[in-house]
Amino acid sequence: DGGITQSPKYLFRKEGQNVTLSCEQNLNHDAMYWYRQDPGQGLRLIYYSQIVNDFQKGDIAEGYSVSREKKESFPLTVTSAQKNPTAFYLCASCPGPAGGLGNQPQHFGDGTRLSIL
Amino acid sequence: GESVGLHLPTLSVQEGDNSIINCAYSNSASDYFIWYKQESGKGPQFIIDIRSNMDKRQGQRVTVLLNKTVKHLSLQIAATQPGDSAVYFCAEGGGAQKLVFGQGTRLTINP
Numbered sequence: 031d032g033g034i035t036q037s038p039k040y041l042f043r044k045e046g047q048n049v050t051l052s053c054e055q056n057l058n059h060d061a062m063y064w065y066r067q068d069p070g071q072g073l074r075l076i077y078y079s080q081i082v083n084d085f086q087k088g089d090i091a092e093g094y095s096v097s098r099e100k101k102e103s104f105p106l107t108v109t110s111a112q113k114n115p116t117a118f119y120l121c122a123s124c125p126g127p128a129g130g131l132g133n134q135p136q137h138f139g140d141g142t143r144l145s146i147l
Numbered sequence: 023g024e025s026v027g028l029h030l031p032t033l034s035v036q037e038g039d040n041s042i043i044n045c046a047y048s049n050s051a052s053d054y055f056i057w058y059k060q061e062s063g064k065g066p067q068f069i070i071d072i073r074s075n076m077d078k079r080q081g082q083r084v085t086v087l088l089n090k091t092v093k094h095l096s097l098q099i100a101a102t103q104p105g106d107s108a109v110y111f112c113a114e115g116g117g118a119q120k121l122v123f124g125q126g127t128r129l130t131i132n133p
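Right under this line is the structure:
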């Protein structure tokens, strides 16, 4: 089945530690996204990538970094500079920039829940 | 700034009744709207979308209505079932290269 796979499902971070969340898709989509979701709130955009080797900051990029070396992979690193990293992290993808990224549905993975030890 | 919001954070309905979930948007330039369903511990699932050249679109048991005059979007679910219990999000897009999500409404189905 085609889809988006996020791993791990649960992750714990120690103080001062960087952690990396994995996101892989086999939908052949060009665009990929990372969102953060806090309890009882909507999704806030961290970073997005329209094409391989290119990415843009979203609304809350501080304390996070990404890479897009392969079309199917868009890992997110939560750095020690992110002082409040506890949240549910969602990865999404959509076919591509044709027609505009804001004009097509995004497909989501099942998330990674990050907590602080 | 521009934002998408919801009129009600929670909604309880009887099983078998129809549900209506509302959403207000403030960016008059938005021309694409989408509804997602999110079950506990999972990622959002696409339900239905609508473009601004339409005011109504129907799917299986769901209807989305768009009122551009008052910048209002609604999701109607017919004959709600226990499996419809979830948080429902609206999102707007179009001109910008991203979707902007609302905060969500939790729908609870009473037996």
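Respectively, the protein sequence lines represent chains W and U.
Residue numbers for the first sequence follow the working numbering, beginning at 31 and rising by one.
Residue numbers for the second sequence follow the working numbering, beginning at 23 and rising by one.
All C-beta atoms in this analysis are idealised placements derived from N, C-alpha and C, irrespective of residue type, glycine included.
Let's test the definition: count the other Cβ atoms within 10 Å of the Cβ of residue i and tell me whether it reaches 16, buried, or not, exposed.
{"i": "H29 (chain U)", "result": "Here H29 (chain U) scores only 45 on pLDDT, less than 50, and its place in the model is too uncertain to base an answer on."}
{"i": "F42 (chain W)", "result": "exposed"}
{"i": "A117 (chain W)", "result": "buried"}
{"i": "G115 (chain U)", "result": "buried"}
{"i": "I146 (chain W)", "result": "exposed"}
{"i": "I81 (chain W)", "result": "exposed"}
{"i": "A111 (chain W)", "result": "exposed"}
{"i": "Q165 (chain U)", "result": "Residue numbering for chain U in the displayed model covers 23 to 133; residue 165 (chain U) lies beyond these limits and cannot be assessed."}
{"i": "P133 (chain U)", "result": "exposed"}
Pull up the distance between the alpha-carbon of residue i and that of residue j, whole angstroms please.
{"i": "Q82 (chain U)", "j": "P135 (chain W)", "result": "17 Å"}
{"i": "S134 (chain U)", "j": "V86 (chain U)", "result": "Outside the modelled stretch of chain U, which goes from 23 to 133, sits residue 134 (chain U), for which no answer is possible."}
{"i": "E24 (chain U)", "j": "N75 (chain U)", "result": "In this prediction, E24 (chain U) scores a pLDDT of 37, lower than 50, which makes its location untrustworthy; no coordinate-derived value is stated."}
{"i": "D39 (chain U)", "j": "L51 (chain W)", "result": "41 Å"}
{"i": "T32 (chain U)", "j": "A122 (chain W)", "result": "26 Å"}
{"i": "E102 (chain W)", "j": "C124 (chain W)", "result": "12 Å"}
{"i": "T142 (chain W)", "j": "D71 (chain U)", "result": "26 Å"}
{"i": "A91 (chain W)", "j": "L73 (chain W)", "result": "13 Å"}
{"i": "A46 (chain U)", "j": "R73 (chain U)", "result": "15 Å"}
{"i": "P104 (chain U)", "j": "G70 (chain W)", "result": "21 Å"}
{"i": "N83 (chain W)", "j": "T102 (chain U)", "result": "45 Å"}
{"i": "H59 (chain W)", "j": "G93 (chain W)", "result": "26 Å"}
{"i": "L88 (chain U)", "j": "G33 (chain W)", "result": "30 Å"}
Below 8 Å on the Cβ atoms is my contact criterion, and I expect residue i with residue j to pass it. Report the Cβ-Cβ distance as a whole number of Å.
{"i": "C112 (chain U)", "j": "F68 (chain U)", "result": "Their Cβ separation, rounded to whole angstroms, is 12 Å, which puts C112 (chain U) and F68 (chain U) out of contact at 8 Å."}
{"i": "G126 (chain U)", "j": "F138 (chain W)", "result": "Incorrect: roughly 14 Å between the Cβ atoms, too far for contact."}
Report the option in the options whose CA atom is closest to the CA atom of residue i.
{"i": "M62 (chain W)", "options": "W:F104, W:V96, W:T116, W:R143", "result": "W:F104"}
{"i": "Q36 (chain W)", "options": "W:D140, W:S95, W:I146", "result": "W:D140"}
{"i": "A100 (chain U)", "options": "U:D77, U:L88, U:I131, U:A46", "result": "U:I131"}
{"i": "D68 (chain W)", "options": "W:N133, W:P115, W:F138, W:S97", "result": "W:P115"}
{"i": "R98 (chain W)", "options": "W:E92, W:Q86, W:A91", "result": "W:Q86"}
{"i": "T107 (chain W)", "options": "W:R66, W:N58, W:Q71", "result": "W:R66"}
{"i": "E54 (chain W)", "options": "W:Y119, W:K100, W:K113", "result": "W:K100"}
{"i": "Q98 (chain U)", "options": "U:Y58, U:G124, U:N49", "result": "U:Y58"}
{"i": "Q80 (chain U)", "options": "U:F123, U:G65, U:S96, U:Q103", "result": "U:S96"}
{"i": "K90 (chain U)", "options": "U:I43, U:I42, U:S50, U:P133", "result": "U:S50"}
{"i": "D77 (chain U)", "options": "U:K120, U:K93, U:A108", "result": "U:K93"}
Which residue spans inside the segment 61-97 of chain U form an unbroken alpha helix (DSSP H) run of at least 4? For the segment 61-97 of chain U, not a single whole alpha helix (DSSP H) run of length 4 or above is found.
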